[in-house]
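The structure under discussion appears below in the form of structure tokens.
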Amino acid sequence: MLRNSIVVLFLLWVGVGFSQKQYDPALTNEENNASVDTVFIIETVHVRDTVYVIEEKKQDIPTPKKSFKKELETEKVSEEKSSKKKSKSKLYWLALRLKLKGKDILSTPTILNDSGIRDDVFAYEPMDKDWYYGVKTNAGIEENTFFREFAIQQRKTFGLGIWTRRKIFNSKFALGLGVDSYFYYSQNTSLSLPNGSVYNGVFFTDDGVPLTFRYVKGNSYQIQAPIQLSFSPGRFVVSAGAYVSYCEYSIGMFGISQATGLSELQDFVADVVQIGYSGEVQFKLLTHFSIGVAATYGGFENLLFINKQEQFFKSIDSFKELKSTVNVVYTF
């Protein structure tokens, strides 16, 4: 019994001794008196955040339109295309609409359809009426065998014209008339003759006055009046017919003047009247506008050149003329 009591006291003393902090001379009194027992508190913290997703909605903004004093209006039409495999952006077509007195002159082109295929970019509204009339402008080149005698191979030309045509028996055929004016701005004068020209040598007037060549000059204009039969299959207009034209050529000759009896340079002028064939093909690009190509082929012979003293001489040969042009046509 006594031994058991001694063992219990001994264990109690050992436990109390180990639970006390020993004095450390390197520390201060406050640090030595501080408790060295450490208590660990383990907590589980659950953080829950609320995430707000803001989706920006696209709004269709109408294309702004501006109205001008002359009623000129522009519109820009756009459309986007999406596909299951791949997203593709569609082409944008800019359409200009010109208005004059409340009437559309240029029609608006259409854009791509849902299949990505261009519909009809140059859309137009067919005009169904009995009488058609309009204006046109043209530019092209002319080849003339008369001017080849003076080393002039081609002459460049441009011009304006008016025309009208009427349907025949409410069909696709029409009969048309017109007046075209052509102006020449290059290769219109020659001061020399090539070898082999028929104008090399001496010419004689009707009263026997000898003449020698000095220059040739084609007038800067030509008036042409065609009559044509037209056929309109869809957006094409095919025309063929005949024409008559008028212009003037002048040749400078060195000879003896009747008034003075002296040798001098004299102008001899010839009136050139042609009769020939004409053809034209037009494509209706827009409701009122068309583009096309045209050609005329005619001839003339035995030109009579007369000066101011009414002396004259005739050309030696017959000549041919071929004119090819590109036209822009407006239909009212």
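Each number in this note's numbering comes from the position in the sequence shown (counting from 1) with 35 added on.
Here a beta-carbon is modelled for each residue, glycine too, at the ideal position from N, C-alpha and C.
For my contact list, residue i and residue j are in at a C-beta cut-off of 8 Å; report their separation, rounded to the angstrom.
i	j	result
Asn177	Glu356	Note that residue 177 is Glu in the sequence shown, not Asn. About 7 Å separates the two Cβ atoms, so the contact holds.
Met288	Phe239	Not confirmed; about 11 Å, so no contact.
Ser313	Tyr278	5 Å
Arg190	Gly253	7 Å
Lys207	Ser267	5 Å
Asn173	Ala330	Not a contact, Cβ separation roughly 11 Å.
By a C-beta neighbour count over all protein chains shown, 10 Å radius and 16 as the cutoff for buried, is residue i buried or exposed?
i	result
Thr11	Residue 11 lies beyond the residue range present for the chain, which begins at 36 and ends at 367; the question has no answer from this structure.
Thr258	Per the sequence presented here, residue 258 reads as Ile, with Thr not at that position. Under this definition Ile258 is an exposed residue.
Val364	buried
Glu106	Annotation note: pLDDT 47 at Glu106 (below 50); position unreliable, coordinate value reported separately. Exposed.
Lys171	buried
Glu345	exposed
Ala209	buried
Glu110	Below a pLDDT of 50, predicted positions are generally treated as unreliable, and Glu110, at 47, falls in that range; the measurement from the model is reported next regardless. Exposed, by the Cβ-count rule.
Ile197	exposed
Tyr220	exposed
Phe218	exposed
Thr366	buried
Phe204	exposed
Ile41	exposed
Val308	exposed
Gly6	In the structure as shown, the chain starts at 36 and stops at 367, and residue 6 therefore has no counterpart that could be examined.
Asn179	buried
Leu246	buried
Asp155	Summary for Asp155: the model assigns pLDDT 48, below 50, so the residue's position carries little reliability; its value from the coordinates is reported in the next sentence. It is exposed - the Cβ of Asp155 has fewer than 16 other Cβ atoms within 10 Å.
Gly213	buried
Gly296	exposed
Lys119	Reliability of the predicted coordinates at Lys119 is poor, the pLDDT of 43 falling under 50, and no value is obtained from them.
Gly211	buried
Pro261	buried
Gly151	Legend: pLDDT at Gly151 = 49, less than 50; position of this residue unreliable, value from coordinates given subsequently. By the 10 Å Cβ count, Gly151 comes out exposed.
Glu160	exposed
If you compare alpha carbons, which of the options is closest to residue i?
i	options	result
Phe318	Val237, Thr247, Tyr278 and Val361	Val361
Tyr234	His323, Thr366, Ile291 and Phe348	Phe348
Gly243	Leu320, Asn173 and Gln293	Gln293
Arg270	Leu320, Val279, Ser216 and Arg201	Leu320
Glu315	Ser227, Phe181 and Val273	Val273
Ser216	Arg249, Leu228, Gly175 and Gly236	Gly175
Ser225	Ile187, Thr366 and Val308	Ile187
Leu339	Gln309, Val304, His323 and Thr331	Val304
Val251	Leu264, Asp241, Phe266 and Ser227	Ser227
Gly276	Tyr332, Ser298 and Ser206	Tyr332
Phe182	Tyr284, Lys207 and Ala260	Tyr284
Lys358	Met162, Gly194, Pro268 and Ile41	Gly194
Val310	Ser280, Ile341 and Pro268	Checking the sequence, you will find Ile at residue 310 rather than Val. The shortest Cα separation from Ile310 among Ser280, Ile341 and Pro268 belongs to Ser280.
Asp241	Gly327, Pro229 and Gly290	Gly290
Glu299	Met162, Ala329, Asn342 and Ser265	Asn342
Lys202	Ala329, Gln301 and Leu264	Leu264
Asp306	Phe335, Leu297 and Thr295	Phe335
Ile286	Asp302, Thr295, Leu297 and Gly296	Asp302
Asn223	Gly231, Ser232, Cys282 and Gly236	Cys282
At 3 residues or longer, what runs of the beta strand (DSSP E) sit wholly inside the segment 278–331?
For the segment 278–331, whole beta strand (DSSP E) runs of length 3 or above, ordered along the chain, are 298–319.
Entirely within the segment 221–284 and at least 3 residues each: give me those beta strand (DSSP E) ranges in chain order.
Complete beta strand (DSSP E) runs here, min 3: 237–239, 245–253 and 256–266.
Whole beta strand (DSSP E) runs in the segment 168–220 with 3 or more residues, listed along the chain?
Secondary structure within the segment 168–220: the beta strand (DSSP E) runs of 3 or more consecutive residues, fully enclosed, are 190–202 and 208–219 (chain order).
Count the C-beta pairs between the segment 336–356 and the segment 159–168 that are closer than 8 Å, then say yes if the count reaches three, no if not.
Not touching, per the Cβ criterion.
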